[in-house]
Amino acid sequence: MQPAGFILFVRNCETPDQVRNLTSELREVAGHADIPILIDQEGGRINRLLPPYWPARPAAARFGALYEKNPEAAVEAARLNASLLATDVRDLGITVNCIPVLDVIGEGAHPVIGERAYGNEPVKVAALGAAVCDGLRDGGVSPVIKHIPGHGRAPADSHKNLPRVSVSRKELEETDFVPFKKLSNERWGMTAHVVYEALDEKPASTSPKIIAEVIRSEIGFDGLLLSDDIGMDALEGSLAERAAACLSAGCDIVLHCKGDISEMKQVVRGTSDMSGDALTRWQRAIAGDDLSNAGDVKGAEVRLDQLLSEAS
Numbered sequence: 000m001q002p003a004g005f006i007l008f009v010r011n012c013e014t015p016d017q018v019r020n021l022t023s024e025l026r027e028v029a030g031h032a033d034i035p036i037l038i039d040q041e042g043g044r045i046n047r048l049l050p051p052y053w054p055a056r057p058a059a060a061r062f063g064a065l066y067e068k069n070p071e072a073a074v075e076a077a078r079l080n081a082s083l084l085a086t087d088v089r090d091l092g093i094t095v096n097c098i099p100v101l102d103v104i105g106e107g108a109h110p111v112i113g114e115r116a117y118g119n120e121p122v123k124v125a126a127l128g129a130a131v132c133d134g135l136r137d138g139g140v141s142p143v144i145k146h147i148p149g150h151g152r153a154p155a156d157s158h159k160n161l162p163r164v165s166v167s168r169k170e171l172e173e174t175d176f177v178p179f180k181k182l183s184n185e186r187w188g189m190t191a192h193v194v195y196e197a198l199d200e201k202p203a204s205t206s207p208k209i210i211a212e213v214i215r216s217e218i219g220f221d222g223l224l225l226s227d228d229i230g231m232d233a234l235e236g237s238l239a240e241r242a243a244a245c246l247s248a249g250c251d252i253v254l255h256c257k258g259d260i261s262e263m264k265q266v267v268r269g270t271s272d273m274s275g276d277a278l279t280r281w282q283r284a285i286a287g288d289d290l291s292n293a294g295d296v297k298g299a300e301v302r303l304d305q306l307l308s309e310a311s
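Note that numbering that gives the first Met the number 0 numbers the sequence shown so that position 100 is 99, with each residue one more than the last.
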C-alpha cells in the first residue's frame, strides 16, 4: 500500500538542501512525481521551517488586527504573506501548506487556536482566508482549509483532550460554518476532532452524520477531506481503529504525524487503498497544484511590511 502523501515537521527540516533532498527521495520512493508533500507553515508560533534558514512570518491574528483598521489593506497583506509562505516551501519541493485556519474564535475557547485564527467575525475570517488561498496559489502551493466545521469554540486542546462544544446548531450555522461555506470550492480540507453536541456525540472526524450532512451537504465542501492527526488524544481506540473510524465516517485520507514506523504499521491495518470518490478527489487535488514560480519576493516583503505597520 502506497501513502497518499507526506507531511513534514521540524524534525524533518534542518537545512534547505537537506529538505530538497528529502522531498525528492520521498517522491522517488513513492514512485509518484506528483505525490503531495504537506507542511504546517502558518506563521506565528506554528512553523516547521525555522530561522536562521527560513524567515519568521506573522501570525494570522496580525492580519485580523489590520482588518479592523483597514479591511482592504488586510486582505492585500494576507495574500502577500501567503505568497511569501508559498515561496518559502515551494522551493523545497513542498506543494501543500495546511492553511488557512478558518476557525472563528468563540467565547471561552482554549488558546490552542488563538493567534492562529483571524478573529471572531465570520465575514472577516472568510475574507482573509480567501486571500491566503489566493496568495498560496500565487506561489504555486495548494491551501488546506481547516478545521472543518470549526475549532474556534473548542474549550479544550484536541491534542490532549476531546473538546465538546455545546452551542446550538443555529449558532454554529451563523458563525462557525460561514467561512467554510464561503471557501467550500477549495480542493483540500481538514476536519476537527471536536464534538458538537447539537450535531452528534461523535467528533466530526469520526462522525458519518457530520461529514455527510454538514461538511458535504450544508457547507458544500466536495474537496479532498483529511482527518486531523489521528495520533491526537481527542480520539479513542487504537491507531488502526481511529484510522478505520475516520475513513468509515467519510474522510478521504487519514493524517498520521508522529513518524514512528511501528505506529505507521498500525495505521495501515486500519486503512485500504483509495478508490471511488476519495480517489477522484485526490486526483483532482494534486492535478490542481499550480507549479508556477513565485514573483518578486523582495518587493512583496517590502509592501507587506508597509501594510503591517498600519496595525502596529
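We put the CB at the ideal spot given by N, CA and C, even for glycine.
Bear in mind that the values here come from a model prediction, so they are computed numbers and not experimental data.
Span separating the alpha-carbon of residue i from that of residue j
i      : j      : result
Asp322 : Leu161 : With the chain represented from 0 up to 311, any question about residue 322 goes unanswered, as that position is not in the structure.
Leu246 : His146 : 17 Å
Leu37  : Trp187 : 11 Å
Ala73  : Asp199 : 36 Å
Leu329 : Pro121 : Nothing about residue 329 can be reported from this structure: the residues present for the chain run from 0 to 311 only.
Asp276 : Ala284 : 12 Å
Gly249 : Ala58  : 31 Å
Val100 : Gln282 : 24 Å
Val164 : His158 : 16 Å
Val111 : Thr270 : 29 Å
Leu84  : Glu240 : 35 Å
Below-8 Å beta-carbon distance, residue i vs any chain C residue
i      : result
Asp228 : Looking at the structure shown, chain C is missing, and only one protein chain is on hand.
Supposed close pair residue i, residue j - CB separation, criterion 8 Å
i      : j      : result
Gly113 : Ser23  : Not quite, the Cβ-Cβ distance comes to about 35 Å (not below 8 Å), so this is no contact.
Asn183 : Ile218 : Before going on, a small fix: residue 183 reads as Ser here, not Asn. Ser183 to Ile218, Cβ: 6 Å. Contact.
Val131 : Ala81  : 4 Å
Ala116 : Ala60  : 7 Å
Residue closest to residue i, alpha-carbon to alpha-carbon, out of the options
i      : options                        : result
Glu300 : Lys264, Glu71, Pro54           : Pro54
Glu213 : Arg168, Asp232, Leu234, Cys256 : Going by the sequence as given, residue 213 is Val instead of Glu. It is Arg168.
Leu127 : Ile36, Ile144, His150, Ala239  : Ile144
Gly134 : Val164, Arg89, Ser206          : Arg89
Asp304 : Glu75, Glu196, Ala29           : Glu75
Pro154 : Val194, Arg47, Leu278, Ala286  : Val194
Val140 : Val267, Gly118, Lys123, Thr86  : Thr86
Asp16  : Leu48, Glu173, Ser204          : Leu48
Ala233 : Asp259, Lys201, Leu225         : Lys201
Glu196 : Ala32, Val177, Glu170          : Glu170
Beta-carbon proximity check, residue i vs residue j, cutoff 8 Å
i      : j      : result
Ala108 : Arg152 : yes
His255 : Ala191 : no
Gly118 : Ile98  : no
Ala29  : Pro2   : yes
Gln265 : Ser237 : yes
Phe220 : Phe179 : yes
Glu185 : Gly222 : yes
Under the three-state DSSP convention, the category residue i falls into
i      : result
Met189 : strand
Leu198 : coil
Lys145 : strand
Asn184 : coil
Residue i Cβ short of 7 Å to the ligand PLP heavy atom set
i      : result
Glu170 : No copy of the ligand PLP occurs in the structure displayed, which carries no ligand at all.
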